[in-house]
Every structure is written in C-alpha cells, then in structure tokens.
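Those letters in the sequence shown? Residues 19 to 414, by the working numbering. Have a look at the structure below before the remarks.
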Amino acid sequence: MIYLDNAATTPVRPEVIEAMLPYFNQFYGNPSNLYSLALRSRRALDEARATVAKAIGARGPEEIVFTGCGTEADNLAVLGLARARQNLGRHIITSTIEHHAVLYACEELRREGFQVTKLAVDRYGLVDPQELAAALRPDTILVSIMAANNEVGTIQPLRQLAQVVAGHQAYFHTDAVQATGAIPLKVEEWGIDALSLSAHKFYGPKGVGALYLRQGVKPWSVNYGGGQERGLRSGTENVPGIVGLAKALELATQGLEERLEPWRAKRDFLKEKLLAALPEAQLTGHPQERLPGSVSLVIPRLEGESLLILLDRQGICASGGAACSAGHGGISHVLAAMGVGPELGRGSLRLTLAPDIEYELLEEAAEKIAAAVQKLWKVNAISARSHRSGRRRGER
Ligand code: PLP
19 MIYLDNAATT PVRPEVIEAM LPYFNQFYGN PSNLYSLALR SRRALDEARA TVAKAIGARG
79 PEEIVFTGCG TEADNLAVLG LARARQNLGR HIITSTIEHH AVLYACEELR REGFQVTKLA
139 VDRYGLVDPQ ELAAALRPDT ILVSIMAANN EVGTIQPLRQ LAQVVAGHQA YFHTDAVQAT
199 GAIPLKVEEW GIDALSLSAH KFYGPKGVGA LYLRQGVKPW SVNYGGGQER GLRSGTENVP
259 GIVGLAKALE LATQGLEERL EPWRAKRDFL KEKLLAALPE AQLTGHPQER LPGSVSLVIP
319 RLEGESLLIL LDRQGICASG GAACSAGHGG ISHVLAAMGV GPELGRGSLR LTLAPDIEYE
379 LLEEAAEKIA AAVQKLWKVN AISARSHRSG RRRGER
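See the structure below:
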C-alpha cells in the first residue's frame, strides 16, 4: 500500500501509543476527583497543556483548552467568540475556502443575526491582507482565516493577516488543523488570538483537539455540563487522547525546520513526475507557499472518483479533496472559489505525503497514477465515440 492521504488522517506513531497506554487502565482516574489516582490524570493533563503551549509558542499552559476534535475547536472559537463579543458588534470576517467546521459555524451565526463577510481568494487560494484591511469595520468582532488549506495546501500569510487585525477590536482566529506539525507556528509572536489544532493530522490519535486562546480571550461555551476545561468544554477529559496529542505535537514540532526541506523536495519530485507524465494536468494551490507534503492537481476529461477507485485497486490511497458542494457545479467550494471551472474541477486529485516516505514509493505512485489516468482517458474516449456513433445511427 502507498498511503498518500495524510491530510485526511495519519497513523499514530509508536511513541505516541506508548505514552498513551498507561492512561487507559493504569492511571485511569477521573481528573476531576481528589484521590491520588485522579491527581495522576490531572498531572498528565497539566503536562500536556504545557507541552502544547510550548510547541505553538504560547505564553503559558492556561492558554490551551482541550476539545473533542478540530471541528469542536473551530466551533468553540467561531461561535463562542462571536457570541461572547456581540455587545461590541455583530460583524465577522472569514474566507471562501475555509473548512466546513468554520464555514457552517459562520452560517449559524448569520442565522442568529450576525453579518458575515467572506473574503475572496486569488487563483492560488491566497487571501489578500489589503482586502482584509478593507473589510474590517468598527463593528467587526472576529476574523477567522485558516492557516493552510486542506485541499490545495496553500499557506496563508498568517503573520501579516494577524498584524492587519491587531489594531482593531476584532480577534484573529486561525484554523491550523492542517498547518500544525507542517509549518512552524508562533501564536504569541505573530499576534494570533485563537488557534485550532487536531491530533490525528500530526500522527496523534483521532477524536482529540485543542484550542489556543490568548490570555483574556474568553469565548462562550458551546456545550453545557460539568464545567471541565475552565467551563469551556464540559465533558470528562479524554486523558489518553490528550497525552497522545501532546506527545505527537512534541515529536512533530521538534526539529521541524530541518525536516521541511527534504519533505518539500519529495513533494516537488512527485509533482514534477506527474506533470511530466500528464502535461494536461494542472497544479492547484500555490506553487511555493504550500504545505510541505501537498500535491494537488486537476486533470481534464476525468471524474476524480473513478480515478480514486482505480488507484485503490493499485494499492494507492489518495483523495479527491473535500466533499463536493451543492451549488458549485459538483466541485468543491475551494476549487470553485479559486476560479476552477466545473469541467476541470471534477478531475481533482489530492496527494499528501508523510515526511519519511521513500522516493521509490513516490516513483511507483507517479507511474501508477499516470497509467490509471491514461486508462480512464482511453475508456472515456471510447465511450464518447460509441455514444456519438449511437446518436448518429439513431438520427438516421
Ligand atoms: N479544519 C481543517 C482545515 C481540516 O482539514 C479538518 C479535518 O479534515 C478539520 C478542521 C476538522 O478536524 P477534525 O477531523 O479533528 O474534526
């Protein structure tokens, strides 16, 4: 098997499993209790919080809230911060290429009477800081723009965007679910007020995420119950998951700078092989400002799903990008926002590489992908010809 879908999820690293194991049946106390077994769990949470804070350049552990996933972190940031600040204004800004965890939360706010501005992106998927500056209003209370896109890998100029917001009353939140562990993040230095991340994207377990909230930034809760996580995320903490998240984040961020160049080189190797074999294909997303493991393409005269099925038979796990959205001619909202037409957008392919994948596997994958595309093109051409000749016969 050649796994090229690390943007969807990643395998849990052995060191992470090892760190988690004792918290399933040895140190299984509920961290809200007072006996030693429970305090052991509480200590594990405290340590995990400190590790996460350090990894993203936060000031301290009290700025980290653990959540049930990246979606929950995004929802808490967008819904929670907008609702908490509605006495200051009811305008929020986001972009057209956000994940649905942010976009649908914004739609919910619109139903509640908030005004939502969605910033357009250029053909590479970049938000323009000047357009953000122009969209800010005295009643803007929140800006939410993703750090890096899950479909096309484009990395936003995060620091610049946060700087634009800095002089205003609005908070700046970023969905860094794809960016965490793939680009260095410095929340305090860059002036970011809130940041979402999710463990299963950086070799941690599924079903656990975190939200960074700068000191003093306090959303309303979006769930109700026992008041865990400073009342921001009720529910008994997923202690093994949180320990796993922290361990995975520590491993993903330590020495990241040195891993970036070789990782990017592998990405570019695969991209170049594919574009050489399939000259009609086009790269989507930014050519340079993109995640180190991300290759995304659109291929003409092709249904992406047929390709994925064919690739699966060849042992290749790949993705077509995010689910198609109604109202965009059957293509994803991200490609539509970048100006990709429905004809091309249907043939979208997303390949996301682990940093340690071997070149031989990339070579093999490129050959198999190119062969599968050529096979589908041939089948499509034959069926189009027989369709045309059938029609001609019918007309006579
Ligand atoms: N945001 C982005 C950019 C994502 O790529 C994803 C997952 O694909 C999410 C949010 C949601 O994260 P989770 O799967 O942990 O809910």
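Where is the CB? At the ideal position from N, CA and C, for every residue including glycine.
Asked: Distance, Cα to Cα, residue 205 vs residue 104?; Found: 24 Å
Asked: Does the ligand PLP have a heavy atom nearer than 7 Å to the CB of residue 171?; Found: no
Asked: Use the C-beta contact count for residue 414: other C-beta atoms within 10 angstroms, 16 or more gives buried, fewer gives exposed.; Found: Caution is warranted here: a pLDDT of 49 is assigned to residue 414, below 50, making its placement in the model unreliable, and the coordinate value is therefore given only provisionally. Counting Cβ neighbours within 10 Å, residue 414 comes out exposed, since fewer than 16 surround it.
Asked: Closer than 7 Å by C-beta to residue 24: which residues in its own chain qualify, once you throw out the five before and the five after it? Chain order, please.; Found: 311, 370, 371, 372
Asked: Classify residue 227 as helix, strand or coil using the three-state DSSP reduction.; Found: strand
Asked: Can you tell me which of 67, 85, 88, 365 puts its alpha carbon nearest to the alpha carbon of residue 78?; Found: 67
Asked: Who are the Cβ neighbours of residue 333 in its own chain at under 7 Å, not counting the five residues just before and after it?; Found: 19, 20
Asked: Below 8 Å, how does it come out for the segment 164-184 and the segment 223-237: are there three or more Cβ pairs, yes or no?; Found: no
Asked: Residues in the same chain with beta-carbon distance under 8 Å from residue 155, minus the five sequence neighbours each way, listed in chain order, please.; Found: 107, 109
Asked: Here's a check: name, in chain order, each residue in its chain whose Cβ is nearer than 8 Å to the Cβ of residue 239, leaving out the five neighbours to either side.; Found: 94, 98, 249, 250, 251, 252
Asked: Could you tell me if residue 55 is buried or exposed, where buried requires 16 or more neighbouring beta carbons within 10 angstroms of its beta carbon?; Found: exposed
Asked: Mind reading off the beta-carbon distance from residue 179 to residue 74? Whole number of angstroms is fine, and I expect it under 8 Å.; Found: Their Cβ separation, rounded to whole angstroms, is 17 Å, which puts residue 179 and residue 74 out of contact at 8 Å.
Asked: Tell me, please, which residues DSSP counts as bridged to residue 308.; Found: 172
Asked: May I have all residues whose beta carbon comes closer than 5 Å to any heavy atom of the ligand PLP, sorted in chain order?; Found: 87, 88, 89, 117, 119, 168, 193, 195, 196, 216
Asked: Which of helix, strand or coil does DSSP assign to residue 77?; Found: coil
Asked: Within 10 angstroms of its Cβ, does residue 387 collect 16 or more other Cβ (buried), or is it exposed?; Found: buried
Asked: Tell me which residues share the same chain as residue 144 and place their Cβ nearer than 8 Å to its Cβ, disregarding the 5 neighbours each side in the sequence.; Found: 172, 174, 175, 304, 307
Asked: Cutting at 7 Å between CB atoms, please list the residues of its own chain near residue 163, excluding the five before and the five after it.; Found: 112, 113, 145, 174, 179, 192
Asked: What is the DSSP secondary structure of residue 232, reduced to helix, strand or coil?; Found: coil
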